[in-house]
Structure formats: C-alpha cells, structure tokens
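Input: a single structure, listed below in structure tokens.
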Amino acid sequence: MTDAIPREADFDLAPNLLDGAKELNLTTRDCDLGYWLTAVAQGTLAGRAATGHAETAPTPEFMRKPGPLREALILELGWRSIAEERAARSLSYFVADAPGVPEMEFFATQVLDEARHAMVFRNHLVELGVPADELHATIAELSAEYVADVLTPIEEFVVRTVRDEGDFVGAVAAFTIVVEGVLAPAAELSERKWDRLDPAAGEIARGAGIDEIRHLTVGSSIVREHLIKHPEYRSRVLEIVTAGRKLWDEVPVLKYVLRRENLFQEGMQEHLDLLDGYEVFPGRKLLDTSPMERYDIAEHWTDEMSEARLRYMNLEEAIAILATGK
Ligand code: FE
Ligand code: FE
Numbered sequence: 225m226t227d228a229i230p231r232e233a234d235f236d237l238a239p240n241l242l243d244g245a246k247e248l249n250l251t252t253r254d255c256d257l258g259y260w261l262t263a264v265a266q267g268t269l270a271g272r273a274a275t276g277h278a279e280t281a282p283t284p285e286f287m288r289k290p291g292p293l294r295e296a297l298i299l300e301l302g303w304r305s306i307a308e309e310r311a312a313r314s315l316s317y318f319v320a321d322a323p324g325v326p327e328m329e330f331f332a333t334q335v336l337d338e339a340r341h342a343m344v345f346r347n348h349l350v351e352l353g354v355p356a357d358e359l360h361a362t363i364a365e366l367s368a369e370y371v372a373d374v375l376t377p378i379e380e381f382v383v384r385t386v387r388d389e390g391d392f393v394g395a396v397a398a399f400t401i402v403v404e405g406v407l408a409p410a411a412e413l414s415e416r417k418w419d420r421l422d423p424a425a426g427e428i429a430r431g432a433g434i435d436e437i438r439h440l441t442v443g444s445s446i447v448r449e450h451l452i453k454h455p456e457y458r459s460r461v462l463e464i465v466t467a468g469r470k471l472w473d474e475v476p477v478l479k480y481v482l483r484r485e486n487l488f489q490e491g492m493q494e495h496l497d498l499l500d501g502y503e504v505f506p507g508r509k510l511l512d513t514s515p516m517e518r519y520d521i522a523e524h525w526t527d528e529m530s531e532a533r534l535r536y537m538n539l540e541e542a543i544a545i546l547a548t549g550k
C-alpha cells in the first residue's frame with residue numbers, strides 16, 4: 225500500500241500547468257525530500273519513470289515516417305532536451321548555495337526533475353526512429369545554433385547571479401520568474417498540440433508539466449517569503465526582472481518557434497481526421513490556428529501566469545516590466 229498521492233502530483237488528477245501555477249501555493253515545507261520520494265517518485269512517475277509515458281500510450285507509426293510532423297517534434301524535443309539539461313546543470317549551483325536544508329533538498333529534487341525531463345525528451349527521439357547510438361550527436365547538431373543564440377545567454381544570466389554574485393534568492397527569482405515562467409506556457413502548448421497526434425509525447429509533456437507546477441510555485445514562495453522578511457531586497461528583484469525582460473527581447477526566440485511551428489502546420493494538414501474538432505483551448509480549434517497565433521497564445525498565457533505569480537510574491541510593479549504585450 226502506498227501513501228495517498230496528493231492531487232497536484234497525481235498524473236490523472238493534477239491540474240494543467242497553467243491552472244496549477246496560477247492557483248496552487250506550495251513551499252519548500254510542502255515539497256521536501258520525503259514528499260518528492262513519495263508523491264513524485266512513487267506517484268507521478270509510477271509506471272512512467274523510464275520513458276515519461278505509460279506503455280499503453282502509443283507513438284503512431286506515421287510519427288516514425290519522415291515528414292514535417294516528425295521533424296517538428298524532433299526539433300521541439302531536441303531543443304527542449306538540451307534546455308532541460310542546461311537547467312539541471314545550472315540548478316546544481318542552487319543546491320550548493322542553498323541557505324538552509326529545506327532549500328537544498330528542494331533544489332536537489334529539481335535538479336533530478338530537470339535531468340529526467342532531458343532524458344525523456346531525448347529518448348522519445350529514439351521512439352521516433354532516431355538510432356540510439358546517434359542520439360547525442362543528432363541532438364547536438366540540430367540544437368547547436370539554438371544553444372548559442374538562446375540557451376547560453378539565458379544560462380549565463382542565471383549562473384552569474386548564483387555562482388558569481390552569490391545571490392541565491394536573486395537566482396531563484398531569475399529562474400522562476402524569467403526562465404521557467406516564460407518557458408512554461410510553451411510547454412503547456414506542446415502538450416495540447418501533441419495530445420492527439422502522438423499520445424506518448426502528450427504524456428511526456430503532461431508529466432513534465434506536473435513537475436513544473438511545483439518548480440514555479442515553490443520558487444515563487446522562496447522569493448515571496450524572502451521579500452516579507454527583507455523588504456529592502458525588492459529593488460534588487462525588480463532589477464533582475466528588468467534584466468530578464470531585456471534578455472528575452474534580445475534572444476531570437478521567435479525565429480526558432482516559427483521554424484518548428486511552420487513544420488507543425490504543414491504536418492497537421494496531413495492528419496485532418498485525427499484533429500477534427502480538437503480544441504487547443506475551449507472555443508479555438510487547433511486546425512484553425514496559424515504558427516504565429518500559436519506563438520501569441522503562449523505569450524498570452526505567459527502574461528496571465530506571471531501576473532498571478534507576481535501578485536503572490538507581492539511584486540505587482542514587475543507585471544508591467546515582464547508583460548510581453550507590445
Ligand atoms: Fe523541466
Ligand atoms: Fe522546471
């Protein structure tokens with residue numbers, strides 16, 4: 225008999241990432257190492273630990289055939305797998321510099337979560353037919369430009385704050401508000417895009433989304449609690465948010481999103497039967513969306529989510545700084 229799995233870590237019952245990140249408030253006290261070993265390792269991951277999806281969730285044969293849809297998913301998961309790997313490495317500094325045991329334990333679990341996301345994203349490429357012995361080389365090649373243009377500048381921003389400046393809370397703010405806060409809506413969109421086309425990929429995204437609720441809410445609670453104790457730190461957080469906003473304006477994310485979404489657009493036209501009537505959100509059919517619209521949907525979700533999290537942190541002034549709306 226296992227302990228009851230809390231709802232937010234239950235694969236079937238947890239809210240989606242956007243709702244969870246907006247509505248739940250978890251702290252390092254809720255999500256300690258015991259929680260992770262029980263609720264996540266034996267809960268969320270039960271039956272899905274190695275691949276990120278249930279054995280019953282298939283990857284359809286057409287996803288293994290060369291074509292725009294397969295190419296879109298390979299690009300998406302290849303890039304995200306490297307992003308997760310970089311996140312795991314960067315977060316190791318958070319473990320090293322954590323001010324207390326609760327924070328150390330939490331980030332040790334987050335390091336493992338991100339390393340695991342990297343693994344399941346990467347391994348799904350093998351399920352799509354990429355030869356296992358070419359996996360690392362294939363990903364390195366398809367992501368080289370993306371890493372240099374997007375991931376490296378973002379990683380430097382976070383690592384500089386924690387490792388070089390020794391500002392643990394600042395780095396948590398940078399990672400939670402700026403890095404994960406912006407990537408989460410894209411992850412949510414991914415789950416909804418692939419749900420019908422590649423149920424295995426849909427489940428992989430769902431599992432990562434459940435972990436992400438925890439990362440976003442616990443990270444926010446660390447910043448919130450620090451600001452309650454140290455109101456004078458507020459100006460520093462606003463500085464970090466401003467620097468993060470500037471960074472996102474400088475990195476050419478749109479170029480990469482559109483490359484991937486154009487392929488997806490072409491690919492989904494080949495599966496009108498599967499996607500018939502499927503809504504990306506209530507009232508909007510996925511088939512009727514364009515690549516640019518999907519980018520805008522993710523941006524809109526980013527604004528909504530960050531507004532809720534920033535209010536929770538008592539950082540209302542940061543909402544306007546971070547807003548993507550032009
Ligand atoms: Fe992750
Ligand atoms: Fe994360």
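Start counting at 1 in the sequence shown, then tack on 224, and there's your number in this note's numbering. A virtual CB, placed ideally from N, CA and C, is assigned to each residue, including glycine.
Item, Value
"heavy atom of ligand 2 below 7 Å from Asp435 C-beta", "yes"
"Cα-Cα separation, Ile298 to Thr280", "21 Å"
"Collapsed DSSP secondary structure at Lys470 in the structure displayed", "helix"
"Phe345 beta carbon less than 8 Å from that of Ser305", "yes"
"Which residues DSSP lists as bridging Arg384, in chain order", "Beta-bridge pairing links Arg384 to no other residue."
"Local Cβ density within 10 Å of Thr513, reported as buried at 16 or more and exposed below that", "buried"
"Rounded straight-line distance, which links the Cα of Ala397 to that of Ser414", "25 Å"
"Coil, strand or helix - Arg438 by DSSP", "helix"
"Residue interval of the alpha helix (DSSP H) (run including Val504)", "Val504 -> not in any alpha helix (DSSP H); beta strand (DSSP E) instead, spanning 503–505."
"Simplified DSSP assignment, three categories, for Lys550", "Caution applies to Lys550, whose pLDDT of 48 falls short of 50 and renders its modelled position unreliable; the model cannot decide the point."
"Short Cβ contact (8 Å threshold) for Phe318 with Arg272", "no"
"DSSP state of Arg420 mapped onto helix, strand, coil", "coil"
"Contact test: His439 Cβ vs ligand 2 heavy atom, cutoff 7 Å", "yes"
"Selected residue, minimal CA-CA separation from Leu594, among Tyr519, Met287, Gly431", "Outside the shown range of the chain (225 to 550) lies residue 594, about which nothing can therefore be said."
"Cβ pair count under 8 Å reaching 3, the region 327–346 against the region 517–536", "no"
"Environment of Val325 [buried if 16+ CB atoms lie within 10 Å]", "exposed"
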